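Worksheet for the structure shown next.
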Amino acid sequence: MTQTVSSTVDNPSFALTRPVHVEAAHLSVADLDRVGAFYQKVLGLDVLDRTASGMVLGTGRKALLTLTTRGDAARQPRNAAGLFHNAFLLPDRSALADWFAHAVSLGVSFEGASDHLVSEAIYLSDPEGNGIEVYRDRRPDEWTYHGDGTVEMATHRLDLHALHAEAKPSSWQHAPNGTALGHIHLQVGSLPEADRFYEGVLGLKKMASYPGASFFASGAYHHHVAANIWNSRNAMVRENSMTGLQDYHLSFTDDETLGTTLDRLDALEIPVLREDGVHKLVDPWGIGIRLSRTAD
Ligand SMILES: [Fe+2]
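Under the numbering used here, the sequence shown has 1277 at position 72, and the numbering climbs by one with no breaks.
Below you can see the structure in the form of structure tokens.
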């Protein structure tokens, strides 16, 4: 049985107005200057803050991606738990077309392009192999929800020629206001363990499943967090010195949802470090998670 849920909420804010959404991610890199330059040039992020060992990138005043480096940084193996991709959500198809034309003009290597029914997505990697998705959502009233609240997703070919033809000449300068980290996709060691953690501990709902992957969301988004075992089946806990994903930040739009989540963490005796309004924990694979109330 399927039903189509009507919604008047325009994209892209739907992802961000849910009770929980992804705010930002933090990567450890070996070559800070090289990777930082890539995100500025290719994605058009601004440098919001810079130190000798780190850089905060984003749009306007909104931080989306922190890069840090350390002397003992060791490149993570491809099958380590960690990041599959950071997914940068653009406001609409027009912005995706303009960004795609910009990236083509830079000679960027793309790794895929898909129509997921709920979204249209293009895939690439940064110079150290950290996965990147750039996407736009279809409007939620165009998504098909099933009777149990899950959402129909698929992977079809995205017509890049048609997308490119829609680009306005040279109109893409940098990431537009409203660009967000719409979701984060992780490599994990076990899907049942991921289901237990993201549903049972963090309280997200499993919205869709693919062979080897689960998609979790808050508030009927298609997914804020995905987890797969395609490269990382049986991966162990990450080592601190590994490059790649150090942590990501989940933002809660209301006190009640955050309080309920923290109570569940307490009840399960999962260690949480509380610091300046941010609650820090690690997932079963050593990926850091920061929980906080959405800043006003
Ligand atoms: Fe994704």
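Idealized CB from N, CA, C, for every residue including glycine.
Predicted model only: the values in this text are computed from it and were never measured.
Query raised in the report: Once you ignore the five residues that flank ARG1239 on each side, which residues in its own chain have a CB closer than 6 Å to its CB?
Result: Excluding sequence positions up to five before and after ARG1239, its CB lies within less than 6 Å of the CB of PRO1332, all in the same chain and listed in chain order.
**Report entry** Coarse secondary structure for ASP1353, derived from DSSP in three states
**Finding:** Three-state DSSP puts ASP1353 in coil, outside helix and strand.
Query raised in the report: Can the beta-carbon of PRO1381 be found less than 8 Å from the beta-carbon of PRO1296?
Result: It is a contact, given that the beta carbons lie within the stated cut-off.
Query raised in the report: Using a threshold of 7 Å, is the CB atom of HIS1231 nearer than that to any non-hydrogen atom of ligand 1?
Result: Incorrect: HIS1231 has no Cβ contact closer than 7 Å to ligand 1.
Query - GLY1265 versus LEU1250: straight-line alpha-carbon distance, rounded - result: CA-to-CA, the gap between GLY1265 and LEU1250 works out to about 9 Å.
**Report entry** N-terminal and C-terminal residue of the alpha helix (DSSP H) that SER1258 is part of
**Finding:** Run containing SER1258: none; DSSP gives neither H nor E here.
Query raised in the report: When burial is assigned at 16 or more other CB atoms within 10 Å of the CB, is GLN1451 buried or exposed?
Result: Its Cβ being crowded by 16 or more others within 10 Å, GLN1451 is buried.
Query raised in the report: From THR1384 to ALA1242, what distance separates their C-alpha atoms?
Result: If you take the alpha carbons of THR1384 and ALA1242, they lie about 18 Å apart.
**Report entry** Under 5 Å, CB to nearest heavy atom of ligand 1: contacting residues
**Finding:** In chain order, the hits are ALA1292, GLU1338 and HIS1390.
Report task. Give me the Cα-Cα distance between THR1274 and ARG1283, rounded to the nearest whole angstrom. Result -> Distance between the alpha carbons of THR1274 and ARG1283 is about 19 Å.
Requested in this report: List the residues that DSSP assigns as beta-bridge partners of ARG1479.
Outcome: Bridge partners of ARG1479: HIS1484.
**Report entry** SER1211 burial status per 10 Å Cβ neighbour count (16 or more: buried)
**Finding:** Any reading at SER1211 is ruled out, since the residue's pLDDT is 35, under 50, leaving its predicted position unreliable.
**Report entry** Separation of VAL1309 from SER1456, as counted between CA atoms
**Finding:** Those two C-alpha atoms are separated by around 33 Å.
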